Each structure stands twice: as structure tokens, then as C-alpha cells.
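Just so you know, the sequences run in chain order A and B.
Sequence positions in the first sequence follow the numbering used here and run 128 to 339.
Sequence positions in the second sequence follow the numbering used here and run 128 to 339.
Following: one structure in C-alpha cells, then a few remarks.
There are 2 protein chains.
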Amino acid sequence: MKKATEPRQSTRRDQILDVAARLFQKGYRATSLDDVAAEIGITRPALYYYFNAKEDILAAIYERAVGALIDRAAPIFASKLAPDVLLCRLVQVHVRTMLKEQPIVRVFFQEKDSLGVDASRSVKAKEVAFTKMMAATVRAGQRQKLFRPGNPELVVNAILGMLIWLYQWYRPERHVAQEIEDVFCGLLIKGLVVSGSVEISPAVFERRQGSG
Amino acid sequence: MKKATEPRQSTRRDQILDVAARLFQKGYRATSLDDVAAEIGITRPALYYYFNAKEDILAAIYERAVGALIDRAAPIFASKLAPDVLLCRLVQVHVRTMLKEQPIVRVFFQEKDSLGVDASRSVKAKEVAFTKMMAATVRAGQRQKLFRPGNPELVVNAILGMLIWLYQWYRPERHVAQEIEDVFCGLLIKGLVVSGSVEISPAVFERRQGSG
């Protein structure tokens, strides 16, 4: 657990990934290994010591980001929290990981098609692992009658959308992690409408005929 | 209003956009105007009658999709509904538009960088128009004390993430529009936790020190 909260060790390998992610942001296809080496100020052979191809750097960027998410989420998931607390902790871990992995995150969601087959499979497996933690949490809440009923797959998709889309709008100078987590958690747990004080309009949950 | 719910007129221009969107899905860069013409079974000059360049087709695909969203959302927004009902109607319109605009939607979110400056500005303006409707709805709900307080910008970003991410997971053979809308609306309005029946764990909304 300690490992996850410590600042990342700044190894040469990590440095290469950081620089490459920053360059890839401006365009993965347009960036060469030479660009990466030049930006760091090392020779191309020195870069080759770590990575043989641009695709390998991209794969390593993905592995590091999604690996960090799972490393942080797994012990929380294993810690037997109540489903509502657990859900908010998983939300928190996802938000914090995305903010920590800036600027990798934008590349992450835009260049998936550029990943090789093996890397793609490995990244996908870790993403699925997080999705499964979320799904198990939602199901546990529903089983305990703490959460409302509703297709858990759709609920999880809704939550993941909320979490992932952050990469499109987050600006470090404008947004604070804690506030993002509180808004997300509040929406998911309690919803927008103040319960008790005002009735929810019945029309909200009526079947709407002839629409769409 | 009637226009929005009628099936789209299948003009040659719309046909070109539909076919191009389908081909662009497999790769915008790899698709040529010749590919589009061949797939429809028209000559390249016949295609040129409608579009001069691949970029123009892409721009028209964007304009059609986001234009359809605004055409449907604007009259609903203008109809003086209560904020909770309005929010759910806007959610519904967004879901229905995305499902109707399949397979354009994936191209929409993946090829934005390929849009020209003018097209990009025009599309952005329509997206902002929808975001503003959402933001005004959230603010109205908060002003009326129907909605909980909370940074409206973050609330809207959360909602848009939930709505937009659908393009990544929606499968027509697996998901039903009505159920998606109900899950989204239920989450946003009432949240996951059954209010009254079980207390929300206090830890959910406690400040978490030393984490992340």
C-alpha cells in the first residue's frame, strides 16, 4: 500500500515514458524515437537500451497507467468496506490516478488503436479488472438493498463514463481533486435531488410515450 | 418539433454521409473519396457534386449529428419544465440522438482533430449550446433548492461523461434505449442509495486524510 502513495521513483525509464507521453499528446504518429531521445538529451542507442520501438513505449505508458490504477484499487477492494464507501473510494482512486497520470491520460484514450495485440490484451485485462471491482460493488449494494435495483452493467458503464471523461475537461489550474471526488461521489450515492425536502416530479420516472 | 421525430429523409447527401461514416469507422485516414464513391456505386464526379474533399464529408457528419441534438434539445429546454424533469428529458434526447447517429458517433469522438478550423468551431459552438442547457438546468435546480449544492460545472461534466461514454460501450443487440435512459436518469436524480431505508455510511462523505 505504501508504494501507491509514494511519489513515483524517477528512473530513466519513467523519464522516457513521461517525455514520450508529452510528445505523443501532440500527435503519436508524428513523433519519432529520435524526437524522444532529443527531448531527453540522450543518444538513440541509449534510448534503445530501454525500448526497441515507439510501440513499446506506448505499451509501457499504458501498462504503467492502468497498472497504477489496479495497484491502488485492489487493496481497497479487498478491505471489506460497505458498498457505498467502497464505491466512493474506487471513484477517488480513479480520479487520483487520472490526475497523477497526466499528461498520459489523453494519449491513453486516443491512441488505443495504435497498441500492438499483446499490449492491447494486457491493458484490456487490467481495465476489465477495475470494471469488475465496480460491478461487484454495485451488485453487493443491490444485494444488501442499500442500492436501488437497476441493470448493474448499465450502472457501471454510467459510472465509468463519468470517471473517464475527466480526461477531456480536467484542467489542473481550474479543478481540485477533492471537489471532483465529492461531486462524483455525491451524485452517485445521493443523486441531485434533495430527498425529503421536495418531491421528485412524478414525470421524471414516467414512461414517455411517442418520444425520441 | 415534428421534424425531429420523423425518420430522416434519405437523400443522396445523407446517404453519402451514412456510407462515409461507416467507412471512416474503420479508419478515417485510410478512407478515400474513391472508397466512398465505390461503396455507394456512384462516380467520383457525382460525389464531387456534393462534397469537394474528405474533410468536407467529415465536417458534414459532425454538423448533422450535433445539429440533430440541438434541434431536439432546444424546444424541450424552452418548454419550462421543472429542472428534474428537464434534466431527464435532456438525458433522453442525448441518448436517443447518439443511438440514432450510430455509426457516426464513434467517428465523432475519435476524429475531432481531423476537422478543419471552421467546422471545428461550428461543431464546438453547438456542443457548448447543449452544455449550457445542462448547466442552466442544474443551476435552476440548485436555485430552487430542488438540487443539492455543488459546483455546477463539475456536475455537468459528470453528466456529459456519463452520456458521451455510451459511444464506447453501446451495442444495439445488447442494450435498450429506454433502460439506459432510466438508469442514467435514476442515478442522476436519486443516486444509488435507497434514501430512508438505510443510512448512508458517514464515511462516504468524510474528508479522507492522507489518501491519494
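All C-beta atoms, glycine included, are put in the ideal place defined by N, C-alpha and C.
Remember, predicted model here, so these are calculated numbers, not experimental data.
- Contacts with chain A (Cβ-Cβ distance below 9 Å) from the segment 276-296 of chain B involve G277, N278, E280, L281, V282, N284, A285, I286, L287, G288, M289, L290, I291, W292, L293, Q295 and W296, listed in chain order.
- The beta carbon of G243 of chain A does not come within 7 Å of any beta carbon belonging to chain B, so the residue lies off that interface.
- F274 of chain A has B:V320 as its beta-bridge partners, per DSSP.
- D161 of chain B and A186 of chain B have their C-alpha atoms spaced approximately 18 Å apart.
- Between V265 of chain A and P276 of chain A, the CB-CB gap reaches or exceeds 7 Å.
- Contact check for V250 of chain A against V193 of chain A passes: the beta carbons are separated by less than 7 Å.
- Close to A330 of chain B, with beta-carbon spacing below 7 Å, are these residues of chain A in chain order: V212.
- The beta carbon of E228 of chain B sits closer than 6 Å to those of A192, all from its chain and outside the five residues before and after it, given in chain order.
- Neighbours of E306 of chain B in chain A, taken as residues whose beta carbon is under 8 Å from its own, are N278 and L281 in chain order.
- A Cβ-Cβ separation of about 5 Å places L196 of chain A in contact with T224 of chain A under the 8 Å criterion.
- With a threshold of 7 Å between beta carbons, K317 of chain A makes contact with chain B.
- Residues of the segment 147-167 of chain A whose Cβ lies closer than 7 Å to any Cβ of chain B: none.
- T158 of chain B is classed as buried because its beta carbon has at least 16 other beta carbons within 10 Å across all chains shown.
- Under the criterion of beta carbons closer than 8 Å, W292 of chain B and W292 of chain A qualify as touching, at roughly 6 Å.
- Contact between the segment 300-318 of chain B and the segment 300-318 of chain A is present: three or more C-beta pairs spanning the two stretches fall below 8 Å.
- Look at A267 of chain B here: in three-state DSSP terms it is helix.
- No Cβ of chain B is located within less than 7 Å of the beta carbon of F257 of chain A.
- Inter-residue distance for H221 of chain A and A164 of chain A is about 31 Å (C-alpha atoms, whole angstroms).
- Judged by DSSP in its simplified three-state form, A246 of chain A adopts helix.
- Going by DSSP, W296 of chain B is part of the alpha helix (DSSP H) stretching over L293 to W296.
- Annotated as distal: F236 of chain A and A200 of chain A, with beta-carbon spacing of 7 Å or more.
- Looking only at A:S322, A:P230 and A:L287, the smallest Cα-Cα distance to L217 of chain A is reached by A:L287.
- When the Cα atoms are used, F178 of chain B and I184 of chain B turn out to be separated by approximately 6 Å.
- In this structure, the CA atom of E308 of chain B is about 6 Å from the CA atom of Q219 of chain B.
- Shown here, I169 of chain A sits in coil according to DSSP, grouped into three states, outside any helix or strand.
- Here DSSP, grouped into helix, strand and coil, assigns N284 of chain B to helix.
- No Cβ-Cβ contact shorter than 7 Å links Q305 of chain A with P230 of chain A.
- Of the residues assessed, P202 of chain A falls on the exposed side of the cut-off, its CB having fewer than 16 other CB atoms within 10 angstroms.
- Shown here, Y189 of chain B sits in a helix according to DSSP, grouped into three states.
- Secondary structure of K239 of chain B (DSSP, three-state): helix.
- With a cutoff of 7 Å on beta-carbon distance, I188 of chain B and A148 of chain B are scored as near each other.
- Not flagged as an interface residue toward chain B: F204 of chain A, since no C-beta distance is shorter than 7 Å.
- Within 7 Å of the CB of G313 of chain A, the CB atoms of chain B belong to R275 and G277, in sequence order along the chain.
- In the assembly as shown, D211 of chain B is a buried residue. Its beta-carbon has 16 or more other beta-carbons within 10 Å.
- Taking 7 Å as the cut-off, the Cβ atoms of V331 of chain A and C215 of chain B count as close.
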